[in-house]
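Here the structure is laid out as structure tokens; the discussion comes afterwards.
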């Protein structure tokens, strides 16, 4: 039998749709396996400041369909210091919490890893981030919903772009990873995507213009990942206005609504599977691993691997986008 | 029997969801009544440049659910000149078009009015604008869809606002009319709305702050109509950041997606009723009138009235918003 | 100052989207006006069995966007008896509840009316029903959402109907009132609607067939209100299969999903306005009235009027549907 | 250089969301690679009856977001006979069509396989079916959209189920494959799923009842795959009503709307990738293969394998559902 009798659960970093489905599955699977569950509010911050409550199955009823996180989330500078982490550890001991399930992105798992090593404390992580930029899992919780949200927004903008023969630059999230911009462009039938993986290498906009971009079309849509290098949608649009003064150029920045919304089926199923797997992992004495999904099977990814490595985009998709939008 | 044997139909100005439903109803009702129909592309511009095609019932099949306008729309400086309007008139004569149905907002109807007077030519208008700012009709085609789009976006942003205890300023359309901002705020459970009708009178933000805005709440959402007076969401947020440095303030500008999307039931029904009524009006020798809806009955509103008068907001709704968001 | 210091609030009968927005507005407006609020679960049943809890503003946070009713609803045979109502009255006295706000349809208001008269007890009602069949209000809470849900379902079915050249009969709610079927048909571009108001008078299907229904079209959709007279969609489809064996006929019964879903902007605004108005009415010593909306203004409708009179459909809409679907 | 200079494209069998995205990608990729394209309407039936038109890039503009299939689809008994297939072959020759891209499910690929062998004719297939029951591909075009449609419907029904403390049996598609029912149940937080893979082995309902199904919950939802064995949702509900007369049991049959709707991002991306890959396959002299996706890579699956083998469900998901719905 596992030594884990009581788990704590928290969400950390940027919120992502599906986090509530994960909280629900972790809670219920823990209770199903005879553990008790403590919900920790506002991530590591609430752990330090003792925002911790008992969680029963009813606490997670009727939340699978909701965006955001009922446990809320917050940034926590204090947890980055040894003193802060000591305070966090003391809370866990006070509440009799034997292991922690942490749901979040890169920063959250980095914090989890340091803490786990410092105190030899069992933590398992769930990858919750719309950016899909964690290594070791084919997909992260929240990515599919954000992708569909982007697509639906672009569908709406296309209505008006087509009606007016306009050229739209639409900025989406993904400062370091082009998954949302590239796949969002394919899904919405956009003409091009400008993504960070490529903008380091070459000038995507110049290439678009050279290859006769927009010769045959009256209206066009380009998805642009937010970026200091390109200046995002605003920066790109400014350049185009100079080069093509005849174009009726517009900019739209989708912003925070990309984080919200009721999660898609894929995100809910993924979050539920990973939530159940997290408890299985603890029962199996696993620790310091992130749940991942590879080829539709759950895998355990060491925190160190998930954080350190970059997840590459599939470059074939650049061709797919180009060919399908002629 | 009516003298009108052939009508032309066009959409002009900013596109609005429901315009296609209107095009469908006008076309079918005209054909039902024995008229022939010409679709004119790109508004008054296409009328001048002769982008005119025959429309049968099939041309408007399967479009009721689509956003934008299949007839496209464009601004047209030339139509503002007597020479341009003469060219337009010549085209109508060449095609044997006896009357025009023009779907659009304030600018479109203004153009229609001048043209109708200059050439003693029968035109009927349909109010198509998301801003809902035409006098003489309780509601315009596109307003209900835009209102729902805004609400759905705010619902998504609330997910993340609540997860992070943030204060959001969300900018919506309506430079001269606060219908979208005020009703959008009530519908989405936002805490306040900053609207043009009031910002001329007093400083809504100062008042919000004085009355203890946001004392009891962790996260808040304020809808702000785009405005030169207030600076829109950006301008308001800058002021709040200075006054309340402790708040985690964010801005979101919804932008062009407010114009798109599949129309709601109300917009499709309204557009269909108005489209059928437009042909009834022509059969009844009406001209130079906009279709309006008042108390769920179709009315004819002279262009002059619809354009010149401001439609007031219902100020009771300001109280409704305040009371319901404590 | 009003004698009402504490109100009870309940939802009764079939649930309708927007009920939560109404609960939120009633609760907050009452608190804003210095009253205390008791939430009564499961309608009159919970009143009798004492499922009554204190409601603060937080109890109604973040519910405006949710379908169903957080207060739940139930049928209650006991409340139809004098003994049951006496028990209900005793509970109200025990809890110090001075007035009741009841949200529901015909049955709920009938119960409210009898109770109010029997015990000389102040009750105000809110019209909450997707069927839109209450007299004295242009529209009821839940109707607009149900109409949009129906339209979206028909939009989906049209995708497959068109792909297969099929004739679909789709059954919607409204046993006694054709609002959903008729307006749903116009909104979704359906070819016809079979509604109770007309099926008493004549054989709508026979007429459709006689007038050459479906001569010019490959696929068609007919909305049918549930009905004992016509047999609903199943009954109508059986007859068509016999008369037109060459048609590829399909039936779809939308069923309970018509009651659910996040409320539309119109329903949320209506529910919020009516909720605030209900407290205003109590402050103004009104009682035994239903909140109604007429010409965009709140009105008070005596229970007796709201219940006894039938709300007529606008028969012009039958022509609108016929003309727009040729 | 490839011998293929002109391709034909058709959709066959039940329509599925994403088919239009596939048509768009096939058409554009073919043109990009110098081929000409013929659109064949109504599947093999239209091939025989010569419903064949030239397709340019504009023919597939603005269709990626639409449900159904612009090429329509039909059953075709004649194509099951050698005579019918000979007629089909003659048409292909007349139009100079060198290869065929067929999008559809099991039946469509079976027909394609026989035809390809009989006439030594190059065909590539795309798996288009919401049931996800084709071997050799992790997922089929249309499945993700149908899964999300089911989930959204169950979300709506849960609103009313929860409000009324009811037990709902909801019937979904998948006569031979439980993917939609099982994953739909996990995604929507349903309590159980009754699926064909298991109903052959044992009585799932009896087991649910024995294991104390619904002891701790007021409302419950069970997804039931359509089935002759269990009688579908109706059959299961009848049995429950007898065993548990105290439950308030309701049935909902989702029906044809599961086939419709704008495709999700995953379906559009999958369809676009497979559409581009189909032309790549022809350029590479592949034939008689279905495009599949495995571990996010495109693979070629021989028709014989795709048709003959059953795709198994992941039985771990049964545990996931059970544990997460306690």
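Residue numbers (full-length UniProt numbering), protein chains in the order written: chain A, 1 to 326; chain B, 1 to 326; chain C, 1 to 326; chain D, 1 to 326. Where is the CB? At the ideal position from N, CA and C, for every residue including glycine. This structure is a prediction, so every number in the text was calculated from the model and none was measured.
To which residues of the same chain is residue i closer than 6 Å at the C-beta, ignoring the five residues directly before and after it?
i             : result
residue 19/B  : 11, 69, 103 and 128
residue 116/D : 123 and 288
residue 113/D : 303
In terms of residue numbering, what span does the alpha helix (DSSP H) encompassing residue i cover?
i             : result
residue 68/A  : No alpha helix (DSSP H) contains residue 68/A, which DSSP labels as neither H nor E.
residue 324/D : 316-324
residue 313/B : Segment: none, residue 313/B is in no alpha helix (DSSP H) and carries neither H nor E.
residue 154/D : 143-164
residue 193/D : Where residue 193/D is concerned, there is no enclosing alpha helix (DSSP H), although the beta strand (DSSP E) it sits in stretches over 192-194.
residue 183/C : 179-188
residue 276/D : 265-283
Would you check if the distance between the CB atom of residue i and the CB atom of residue j is smaller than 8 Å?
i             : j             : result
residue 26/A  : residue 279/A : yes
residue 304/D : residue 190/D : no
residue 330/B : residue 185/B : For residue 330/B there is no data in the structure shown, the boundaries of chain B being 1 and 326.
residue 15/C  : residue 141/C : no
residue 292/A : residue 111/A : no
residue 122/B : residue 283/B : no
residue 351/B : residue 255/B : The structure shown does not extend to residue 351/B, since chain B spans only 1 to 326, so no value can be given for it.
residue 13/B  : residue 108/B : yes
residue 323/C : residue 302/C : no
residue 105/B : residue 134/B : yes
residue 139/D : residue 270/D : yes
residue 59/D  : residue 34/D  : no
residue 261/A : residue 160/A : no
residue 265/D : residue 208/A : no
residue 165/A : residue 188/A : no
residue 132/A : residue 179/A : yes
May I ask which residues mark the beginning and end of the beta strand (DSSP E) holding residue i?
i             : result
residue 4/A   : Note, residue 4/A: premise wrong, no beta strand (DSSP E); not H, not E.
residue 300/A : 297-302
residue 290/A : 289-294
residue 170/B : 167-172
residue 100/C : 99-104
residue 123/D : 123-127
For residue i, which residues of its own chain have a beta-carbon under 7 Å away from its beta-carbon, when the five flanking residues on both sides are left out?
i            : result
residue 42/A : 51, 72, 73 and 74
residue 37/D : 7, 9, 27, 30, 31 and 55
residue 84/D : 48 and 78
Give me, in chain order, the residues of the same chain whose beta-carbon lies closer than 8 Å to that of residue i; leave out the 5 immediate sequence neighbours on both sides.
i             : result
residue 1/B   : In this prediction, residue 1/B has a pLDDT of 48, which is less than 50 and means its spatial position is unreliable; nothing more can be read from the coordinates.
residue 87/B  : 48 and 78
residue 224/C : 169, 170, 171, 172, 181, 193, 194, 230, 232, 233 and 236
residue 98/A  : 3, 4, 5, 6, 7 and 122
residue 355/A : A query on residue 355/A cannot be resolved here, the shown segment of chain A reaching from 1 to 326 and no further.
residue 241/B : 247 and 249
Less than 7 Å separating the Cβ of residue i from some heavy atom of the ligand COA?
i             : result
residue 319/C : For the ligand COA, the structure offers nothing, since it holds no ligand at all.
Task: Within the segment 205-253 of chain B, ranges of the beta strand (DSSP E) (whole runs, at least 3 residues) - done: 220-225 and 249-253
TODO: Assess, as a yes-or-no matter, whether the segment 49-64 of chain B is touched by the segment 228-247 of chain B under the definition of 3 or more beta carbon pairs within less than 8 Å.
DONE: no
TODO: Count the CB pairs spanning the segment 165-173 of chain C and the segment 301-320 of chain C that are closer than 8 Å, and state whether there are at least three.
DONE: no
- [ ] Any chance you could list the alpha helix (DSSP H) runs of at least 4 consecutive residues sitting entirely within the segment 22-95 of chain A, in chain order?
- [x] 43-48 and 82-94
Task: Any 3 or more C-beta pairs closer than 8 Å across the segment 224-238 of chain C and the segment 308-317 of chain B - done: no
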